[in-house]
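J.: Structure incoming, see below.
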Amino acid sequence: GIGVEGIDEALTMKKYLTTWGVPENRIIADSNGINTYHTAKNVKKYMDANNWESVVIITQYHHISRTRLAFHRFGIKNVTCAHADYYEFRDIFTIFRELAACCYYLIREYN
C-alpha cells in the first residue's frame, strides 16, 4: 500500500526488481495490501483465481515469521521467503514489535 511518506511501496519494489532484470510479467505488486494480513488475503485470492500453488515473499528479515504465519493462516502452504542482508541498529526494537505482532496474528480471526 501507500506508506506514510505517500509512496506506493509495491510499485517502488516492482520498479526496483525490474531494474535488476526481473521480468515485469513475473511480478505481482499488491498496492492494496495495507498490512501483512491484507496482503496475505489479497495474494490468496489472486492465487486461487490463477491456480497458483506457491509464492515467493521478499521482505525484511525480521518480518518473515509474521508474513509466513499470515500466509499459512490463509491456506497458502508453499511459501518461500527471501530478505536482503541489510541490518540496522533499530532492528533490535523492531524485533520486539514483530514478536508482539506474531502473537496477535496467532489469535486473530482469518476470513
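Residue numbers in the sequence shown follow the working numbering, run continuously in steps of one, and reach 112 at the last position. Each residue gets a CB set at the ideal place from its N, CA and C atoms; glycine is no exception. All of these numbers come straight from a predicted model, not from anything done at the bench.
#1: Going by DSSP, name the residue or residues bridged to T81.
#2: Taking N43 as part of the alpha helix (DSSP H), name the residues at either end of that continuous run.
#3: Thinking just about the alpha-carbon of each residue, which of M14, A30, I58 is nearest to the one in H84?
#4: What separation, rounded to the nearest whole angstrom, lies between the Cα atoms of R67 and K15?
#5: Check whether the stretch 47-61 touches the stretch 20-27, counting contact only when three or more Cβ pairs, one atom from each stretch, lie closer than 8 Å.
#6: What is the rounded straight-line gap between the Cα of A101 and the Cα of F72?
#7: Give the straight-line distance between the Cα atoms of T60 and G76, rounded to the nearest whole angstrom.
#8: Out of I93, S32, Y47, which one is the CA nearest neighbour of Y62?
#9: Where does D9 sit, in a helix, a strand or coil, going by DSSP?
T.: Here's the rundown:
#1: Residue pairing by DSSP places T81 opposite V57 in a beta bridge.
#2: 37-50
#3: I58
#4: 22 Å
#5: No: fewer than three Cβ pairs fall under 8 Å.
#6: Spanning the two alpha carbons is a distance of roughly 18 Å.
#7: 19 Å
#8: I93
#9: strand
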